[in-house]
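Student: Whatever position you read off the sequence shown (first residue = 1), add 1 for the numbering used here.
All residues carry an ideal CB built from backbone N, CA and C; glycine is no exception.
All values derive from a computational prediction rather than experimental measurement.
Attaching a single structure in structure tokens format; questions to follow.
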Amino acid sequence: MIEIELKGYADDKVFERVRESFTFMRKEVHEDIYFNHPCRDFSETDEALRIRIKRFNGHFEAFLTYKGPKIDRLSKSRKEIEVNIEDVDAYLELLSILGFREVLTVKKTREKYYVEKGVTVTLDDVEGLGKFVEIEKLAKDEKEVQREVPRLMEILKSLGVEKFERKSYLELLMEKFSSSTEL
Numbered sequence: 002m003i004e005i006e007l008k009g010y011a012d013d014k015v016f017e018r019v020r021e022s023f024t025f026m027r028k029e030v031h032e033d034i035y036f037n038h039p040c041r042d043f044s045e046t047d048e049a050l051r052i053r054i055k056r057f058n059g060h061f062e063a064f065l066t067y068k069g070p071k072i073d074r075l076s077k078s079r080k081e082i083e084v085n086i087e088d089v090d091a092y093l094e095l096l097s098i099l100g101f102r103e104v105l106t107v108k109k110t111r112e113k114y115y116v117e118k119g120v121t122v123t124l125d126d127v128e129g130l131g132k133f134v135e136i137e138k139l140a141k142d143e144k145e146v147q148r149e150v151p152r153l154m155e156i157l158k159s160l161g162v163e164k165f166e167r168k169s170y171l172e173l174l175m176e177k178f179s180s181s182t183e184l
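This is the structure:
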């Protein structure tokens, strides 16, 4: 499957519009541990590999996720493969033994909202970056991506989103850290 994802910068007004417009699903706390491949640089190939630890309503879930390169110029849409994992420490050890290197951990609080069948909006407060809003939908193929991206973008614009961002939270944090160390 292809994950269609659009992200925009948000403020309190955008957060409030989402809360008023859509059905609240749940609040989650995410800890995303990103890795780099031992033989290629994912920042150059536009790929990502992470372990996500998700906590919500007293529950705990963890996933190993691979994200392929972005497939269009407007959104963050890309092929995504996600595997449920039970033992995070075992996967961390396995990736380390295989030569994968931890790059950075992204921490965020996420509120998830139902928009319509197959479409969710999330309000993200990312440690070190601030507030963002994302809209997501799964697509069968690239034709569906081309059809849905403009529609999903309009939903975000109707909520007051004026500035969109194609970079991942990892990329934004890496840029922030590299610019602060150049001073």
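1) Would you report the Cα separation of E17 and V134, rounded to the nearest angstrom?
2) Count the other CB atoms within 10 Å of the CB of G9; is the residue buried (16 or more) or exposed (fewer)?
3) Helix, strand or coil: how does DSSP classify E87 here?
4) In this structure, how does DSSP classify I72 when only helix, strand and coil are distinguished?
5) Under DSSP, the alpha helix (DSSP H) around M154 begins and ends at which residues?
6) Could you please give me the residues that DSSP links to K164 through a beta bridge?
7) Helix, strand or coil: how does DSSP classify M26 here?
8) Would you tell me roughly how many angstroms separate the C-alpha atoms of A49 and E176, rounded to the nearest one?
9) Does the segment 38-54 touch the segment 139-147, meaning 3 or more C-beta pairs lie closer than 8 angstroms?
10) Beta strand (DSSP E) containing F57: first to last residue?
11) Can you have a look at I3 and say buried or exposed, based on whether 16 or more other CB atoms are within 10 angstroms of its CB?
12) Count the other CB atoms within 10 Å of the CB of R53; is the residue buried (16 or more) or exposed (fewer)?
13) If distances are taken between C-alpha atoms only, which option among I34, V116, G131 comes closest to L157?
14) Relative to the C-alpha of P39, which candidate in L99, T24, L93 has its C-alpha closest?
Tutor: If we stick to the structure as given:
1) Working through the sequence shown from its first residue, we reach residue 17 at position 16. Working through the sequence shown from its first residue, we reach residue 134 at position 133. The straight-line gap from Cα to Cα measures roughly 11 angstroms.
2) One-based indexing of the sequence shown puts residue 9 at position 8. Taking a 10 Å sphere around the C-beta of G9, we find 16 or more other C-beta atoms and assign the residue as buried.
3) For this step, residue 87 is matched to residue 86 along the sequence shown. E87: coil per DSSP, three-state reduction.
4) Residue 72 sits at position 71 when you count from the first residue of the sequence shown. In this structure, I72 counts as coil in the three-state DSSP scheme.
5) Reading the sequence shown from its first residue, position 153 is the one you call residue 154. Unbroken alpha helix (DSSP H) run through M154: 143-159.
6) As a position in the sequence shown, residue 164 is number 163, starting the count at 1. Listed as beta-bridge partners of K164 by DSSP are no residues whatsoever.
7) In the sequence shown, counting from the first residue as 1, residue 26 sits at position 25. Taken through DSSP and simplified to helix, strand or coil, M26 comes out as strand.
8) Counting from one through the sequence shown, the residue named residue 49 turns up at place 48. Counting from one through the sequence shown, the residue named residue 176 turns up at place 175. When the Cα atoms are used, A49 and E176 turn out to be separated by approximately 16 angstroms.
9) Here the segment 139-147 makes no contact with the segment 38-54; the two share fewer than three CB pairs at distances below 8 angstroms.
10) Working through the sequence shown from its first residue, we reach residue 57 at position 56. For F57, the uninterrupted beta strand (DSSP E) segment begins and ends at 49-57.
11) Stepping through the sequence shown from its first residue, residue 3 is reached at position 2. With 16 or more Cβ atoms within 10 Å of its Cβ, I3 is classed as buried.
12) Sequence index remark: in the sequence shown, residue 53 carries index 52 (1-based). Counting Cβ neighbours within 10 Å, R53 comes out buried, since at least 16 surround it.
13) Taking the sequence shown and counting its residues from 1, one reaches residue 157 at position 156. The shortest Cα separation from L157 among I34, V116, G131 belongs to V116.
14) Residue mapping note: residue 39 aligns to position 38 of the sequence shown, counting from 1. With distances taken between Cα atoms, P39 lies closest to L99.
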